[in-house]
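Remarks on the structure that follows.
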């Protein structure tokens with residue numbers, strides 16, 4: 005493959021709802037441009053993008069794939085992202101290196117939740133975008149309704165470039181609204197000029213009006229002319245469109261049918277014409293040594309800087325670090341410096357990835373996307389540069405995982421293999437993490453959603469030949485007392501020779517501080533317990549609070565005051581007093597007057613949903629024993645609901661929230677404090693722990 009200069013490069017991310025047709029569209033463009041001799045199908049498992057076994061098995065994308073396509077001397081790096089929300093980390097990585105976006109809408113399904121999320125991503129990253137309505141060959145596809153829905157959501161920025169032409173309920177061509185010309189498809193995306201059908205005139209006037217309104221919105225002069233009834237020339241329209249698509253002021257809407265390759269030529273033309281090449285864009289990092297701003301700006305003449313935005317670790321094809329060159333020229337057989345890890349890396353070869361195919365190249369110029377194999381320590385988010393001028397770029401913002409399950413090996417002895425395999429999967433997916441919960445003797449796997457965790461389990465089996473079982477995790481309860489008691493603990497043992505004797509009387513009461521396990525004091529009068537045994541008494545308390553008497557959970561908020569006791573001049577020892585103290589703690593929790601209770605962790609939860617879902621969310625939170633603290637509008641049609649909810653009630657919340665809101669709801673939480681659990685919850689938990697013993 006040739007080495008492309010920055011001005012001949014476009015980096016475009018494909019976004020949209022799951023099943024919208026992104027992968028099919030990329031496959032169609034690859035076929036139309038001659039990359040493939042035959043257009044692959046998702047159902048046949050032979051597309052360029054979906055090459056992972058999980059993707060071919062499940063018939064949807066689970067990771068971002070790079071597919072470079074050449075069009076009229078321009079290299080367009082298409083980043084085909086997953087549409088299902090569990091794999092949002094892959095989308096966020098792609099957004100960190102994309103310069104523009106195509107939002108794909110299924111003509112039959114219309115504007116979906118994933119469409120709106122895609123728009124939000126573009127707004128957050130200030131990405132120029134266009135919308136491609138695919139599946140227009142379906143009888144139930146309604147282009148006009150989609151335009152109306154888009155304009156209802158996003159206003160006059162929506163500019164329809166095309167209008168479908170149908171004959172005998174078949175999609176046979178389109179009207180170019182900018183040029184006001186009819187186009188009839190010949191084969192694939194080729195077309196010939198044709199007359200605009202009379203029945204299209206009414207819809208054409210609506211689309212033309214919407215397009216002209218979008219152009220008029222770009223300047224006061226055009227707005228005045230528009231209201232005065234002046235017509236814009238083709239050149240004026242074309243220049244305004246090009247300028248304001250790039251600055252996000254106008255969003256073109258195109259259409260076609262990915263399965264038949266129809267409309268792909270026009271889409272490629274629009275990408276080349278309306279999206280900017282990297283050298284016209286800005287990107288900044290910092291010098292590692294000084295912290296000063298480094299203006300990379302995709303210029304070959306600037307010092308070399310390379311952003312690592314994705315990692316692929318496959319036992320069959322090896323490890324590849326996907327990179328975007330932000331400045332300078334990256335060449336094979338070079339040594340780079342990783343300022344994040346403070347180490348050097350050898351770049352033996354350079355590749356351009358097309359799905360799973362690695363195409364070797366001699367260099368990558370500024371703005372281009374490629375891959376480096378076999379880097380030792382470099383991971384996603386790191387920056388590579390020269391050691392003389394070490395550069396660091398901001399890491400991509402990746403969603404925090406809140407869904408978690410307990411996992412364990414099906415076969416004993418596989419624990420180390422599983423740990424190694426998960427480590428590799430976490431290199432690939434930054435939304436995955438594992439936690440060793442020693443308190444509950446369980447290992448936890450965190451992700452964005454249940455579907456993602458299922459894919460991880462399947463990958464562990466298929467890639468690494470290890471099996472794990474997922475189960476509902478245990479929640480980290482705590483134990484404490486609410487009352488004050490005075491109890492005795494006596495340890496006495498005689499077995500010939502020196503015996504063991506320790507005797508303590510301790511007052512137990514709440515300390516009022518649940519952040520600390522215990523507070524120890526002594527009020528011994530007359531030396532009934534010698535001072536040298538005080539540390540042993542405290543050690544007994546220290547050991548006892550690690551595993552409480554009620555259900556084996558750690559004890560918190562305990563105040564212990566040693567007030568009396570006795571000792572034996574010969575048989576007393578530190579061990580004896582420690583054992584006496586442990587017995588005293590058990591006696592305290594066994595005494596009803598101490599009012600022993602289980603405490604459950606409470607999370608501070610924030611849920612962001614559109615206004616219409618507020619009632620459903622509030623009702624659901626009440627069922628989860630949540631206390632709603634308030635609601636705040638975000639002035640974008642959403643409400644942010646804040647509530648305190650028991651952690652045990654948030655297990656599985658991701659799936660339930662998506663079900664209630666159609667996938668558009670978003671939540672986050674953090675641990676807030678411990679509170680006394682209701683009596684029924686306590687009884688159930690104590691019984692469950694007793695059954696485990």
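Residue numbers (my numbering): 5 to 697.
Even glycine gets a Cβ: it sits at the ideal position worked out from N, Cα and C.
Quick caveat: nothing in here was measured; it's all calculated off a predicted structure.
Ignoring anything shorter than 3 residues or poking outside the region 161–214, list the beta strand (DSSP E) runs there in chain order.
-> 162–164, 166–171, 174–180, 185–189, 195–198
Within this structure, are the beta carbons of residue 12 and residue 78 separated by less than 9 angstroms?
-> Looking up residue 12 in the chain shown gives position 8. Looking up residue 78 in the chain shown gives position 74. Yes, these two residues count as a Cβ contact at 9 angstroms.
Do you know how far the Cα of residue 220 is from the Cα of residue 406?
-> On the chain shown, position 402 is the one that residue 406 refers to. On the chain shown, position 216 is the one that residue 220 refers to. Cα to Cα, the separation comes out at about 45 angstroms.
Pair within 9 angstroms by beta-carbon distance, residue 664 and residue 621 | The residue labelled residue 664 in the question sits at position 660 within the chain shown. The residue labelled residue 621 in the question sits at position 617 within the chain shown. It is a contact, given that the beta carbons lie within the stated cut-off.
Between which two residues does the beta strand (DSSP E) carrying residue 18 extend?
-> Position 14 of the chain shown, counted from the first residue, corresponds to residue 18. Taken as a continuous stretch (DSSP letters only), the beta strand (DSSP E) holding residue 18 covers 13–20.
Whole-angstrom distance between residue 505 and residue 3, CA atom to CA atom = In the structure as shown, the chain starts at 5 and stops at 697, and residue 3 therefore has no counterpart that could be examined.
Neighbour-count burial assignment, residue 695, 16 or more Cβ in a 10 Å radius = Translated into the one-based positions of the chain shown, residue 695 becomes position 691. Answer is exposed; the Cβ neighbour count stays below 16.
Taking just the CA atoms, how far does residue 660 sit from residue 121?
-> Position 117 of the chain shown holds residue 121. Position 656 of the chain shown holds residue 660. Cα to Cα, residue 121 sits roughly 18 angstroms from residue 660.
Quick one: residues in its chain with C-beta nearer than 6 angstroms to the C-beta of residue 455, no 5 flanking neighbours on either side, listed in chain order?
-> Reading the chain shown from its first residue, position 451 is the one you call residue 455. Excluding positions up to five away in sequence, the list reads 90.
When you compare only the Cα positions, how much space is there between residue 598 and residue 342?
-> What you label residue 598 is simply residue 594 of the chain shown in a count that begins at 1. What you label residue 342 is simply residue 338 of the chain shown in a count that begins at 1. About 58 angstroms.
Whose C-alpha, out of 180, 256, 85, 125, is nearest the C-alpha of residue 160?
-> One-based indexing of the chain shown puts residue 160 at position 156. When only C-alpha atoms are compared, the closest one is 256.
So what does DSSP say about residue 590, is it helix, strand or coil?
-> Translated into positions along the chain shown, residue 590 becomes position 586. Helix, per DSSP.
Could one say the Cβ of residue 387 lies closer than 9 angstroms to chain B's Cβ atoms, at least one of them?
-> This model lacks chain B altogether; it includes just one protein chain.
Under a Cβ-count criterion, where at least 16 other Cβ atoms within 10 Å of its own Cβ denotes burial, should residue 14 be classed as buried or exposed?
-> Reading the chain shown from its first residue, position 10 is the one you call residue 14. Buried, since its Cβ has 16 or more Cβ neighbours within 10 Å.
Inter-stretch contact (C-beta, 8 angstroms, three-pair minimum) for the region 432–447 and the region 325–343 = no
Can you grab the Cα-Cα spacing for the pair residue 544 / residue 376, in whole Å?
-> Working through the chain shown from its first residue, we reach residue 544 at position 540. Working through the chain shown from its first residue, we reach residue 376 at position 372. When rounded, the distance between both Cα atoms is 57 angstroms.
Using a Cβ-Cβ cut-off of 8 angstroms (strictly less than) and excluding sequence neighbours within five positions of residue 689, which residues of its own chain qualify?
-> Counting from 1 along the chain shown, the entry for residue 689 is found at position 685. For residue 689, where only same-chain residues beyond five positions count, the Cβ hits under 8 angstroms are 481, 555, 602, 681.
Can you tell me whether DSSP reads residue 74 as helix, strand or coil?
-> As a position in the chain shown, residue 74 is number 70, starting the count at 1. Residue 74: strand per DSSP, three-state reduction.
In the DSSP assignment, what residue or residues form a beta bridge with residue 448?
-> For this step, residue 448 is matched to residue 444 along the chain shown. Residue 448 pairs with 410, 439.
What's the C-alpha gap between residue 549 and residue 403?
-> Here residue 549 is taken as the residue at index 545 of the chain shown, counted from 1. Here residue 403 is taken as the residue at index 399 of the chain shown, counted from 1. About 36 angstroms.
Flag this pair as yes or no: are the beta carbons of residue 87 and residue 177 separated by less than 9 angstroms?
-> Position 83 of the chain shown, counted from the start, is the residue given in the question as residue 87. Position 173 of the chain shown, counted from the start, is the residue given in the question as residue 177. No, the Cβ-Cβ distance between residue 87 and residue 177 is not below 9 angstroms.
Distance CB(residue 301)-CB(residue 287) smaller than 9 angstroms = Counting from 1 along the chain shown, the entry for residue 301 is found at position 297. Counting from 1 along the chain shown, the entry for residue 287 is found at position 283. Against a cut-off of 9 angstroms, the Cβ pair of residue 287 and residue 301 comes out as a contact.
What is the DSSP secondary structure of residue 7, counted as helix, strand or coil?
-> As a working note, residue 7 is residue 3 in the chain shown. Three-state DSSP puts residue 7 in coil, outside helix and strand.
Proximity winner among 62, 71, 296, 215, relative to residue 29 (alpha-carbon distances) = Locating residue 29 in the chain shown gives position 25, where the first residue counts as 1. With distances taken between Cα atoms, residue 29 lies closest to 71.
Distance, Cα to Cα, residue 307 vs residue 389?
-> By one-based count along the chain shown, residue 307 stands at place 303. By one-based count along the chain shown, residue 389 stands at place 385. Residue 307 and residue 389: Cα-Cα distance of roughly 8 angstroms.
Give the C-beta separation of residue 344 and residue 386 to the nearest angstrom, bearing in mind that I take them to be a contact with Cβ-Cβ under 8 angstroms.
-> In the chain shown, the residue the question calls residue 344 occupies position 340. In the chain shown, the residue the question calls residue 386 occupies position 382. Right, the Cβ-Cβ distance comes to about 4 angstroms (below 8 angstroms), so this counts as a contact.
Beta carbon of residue 275 nearer than 9 angstroms to that of residue 34 | Counting from 1 along the chain shown, the entry for residue 275 is found at position 271. Counting from 1 along the chain shown, the entry for residue 34 is found at position 30. Going by C-beta atoms, residue 275 is not nearer than 9 angstroms to residue 34.
Who are the Cβ neighbours of residue 630 in its own chain at under 6 angstroms, not counting the five residues just before and after it?
-> Residue 630 sits at position 626 when you count from the first residue of the chain shown. Excluding sequence neighbours, residue 630 sits near 647, 649.
Output yes or no for whether 9 angstroms exceeds the beta carbon distance between residue 410 and residue 448.
-> Numbered from 1 along the chain shown, position 406 holds the residue referred to as residue 410. Numbered from 1 along the chain shown, position 444 holds the residue referred to as residue 448. In contact: residue 410 and residue 448 (Cβ atoms closer than 9 angstroms).
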